[in-house]
Amino acid sequence: MTLVVSLIVVAIVVIAVWLPTLWMRRRGMKSRGTSDVVVRCSRGHLFTTIWVPGVSFKSVRLGTVRVQHCPVGRHWSKVRPVPIDQLSDAERIEAARVHDIRLP
Ligand SMILES: [Zn+2]
Numbered sequence: 844m845t846l847v848v849s850l851i852v853v854a855i856v857v858i859a860v861w862l863p864t865l866w867m868r869r870r871g872m873k874s875r876g877t878s879d880v881v882v883r884c885s886r887g888h889l890f891t892t893i894w895v896p897g898v899s900f901k902s903v904r905l906g907t908v909r910v911q912h913c914p915v916g917r918h919w920s921k922v923r924p925v926p927i928d929q930l931s932d933a934e935r936i937e938a939a940r941v942h943d944i945r946l947p
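Take the sequence shown: its letter number 20 is residue 863 in the numbering used here, and every next letter is one higher.
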């Protein structure tokens with residue numbers, strides 16, 4: 844019985860955390876060794892946030908979209924991760940300048 848429960852827990856972790864993380868890395872949204880991700884809010888503001896698939900204490904998750912506080916515009920908004928290679932140097936600097944609270 845304990846083995847079955849352990850296998851179920853491992854399967855849940857793989858599906859909820861590891862696969863989305865792998866998908867985000869392949870799309871260039873996340874680099875290895877960090878949980879920081881550049882996101883864009885619905886008003887176009889860029890900032891950096893901690894994005895751990897399956898874990899969110901500061902946002903409401905809706906698939907690949909999250910509703911969370913935008914520290915740039917100081918409003919609540921849908922945010923989406925942005926692939927780093929789709930940003931200009933100026934946008935990367937802009938996103939790195941503002942990091943929201945250090946919670947996933
Ligand atoms: Zn915003």
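Think of the CB as a built atom: it goes at the ideal place given N, C-alpha and C, for glycine as much as any other residue.
Going by C-alpha positions, I927 is about 45 Å away from M844. C913 and S920 have their C-alpha atoms roughly 7 Å apart.
One alpha carbon belongs to L889, the other to V847, and they sit about 44 Å apart. Runs of the alpha helix (DSSP H) lying entirely within the region 852-912 and spanning at least 4 residues, in chain order: 862-869. In this structure, the C-beta of V915 approaches ligand 1 to less than 7 Å from one of its heavy atoms.
Sequence-distant Cβ neighbours of R945 in its own chain, meaning closer than 7 Å and more than five residues away, are I893.
Closest option to V922, judged by alpha-carbon separation, among E937, L930, T864 and S902: S902. Our two residues, R886 and W861, have alpha carbons roughly 30 Å apart in a direct line.
Rounded to whole angstroms, the separation of the alpha carbons of V941 and S878 is 15 Å.
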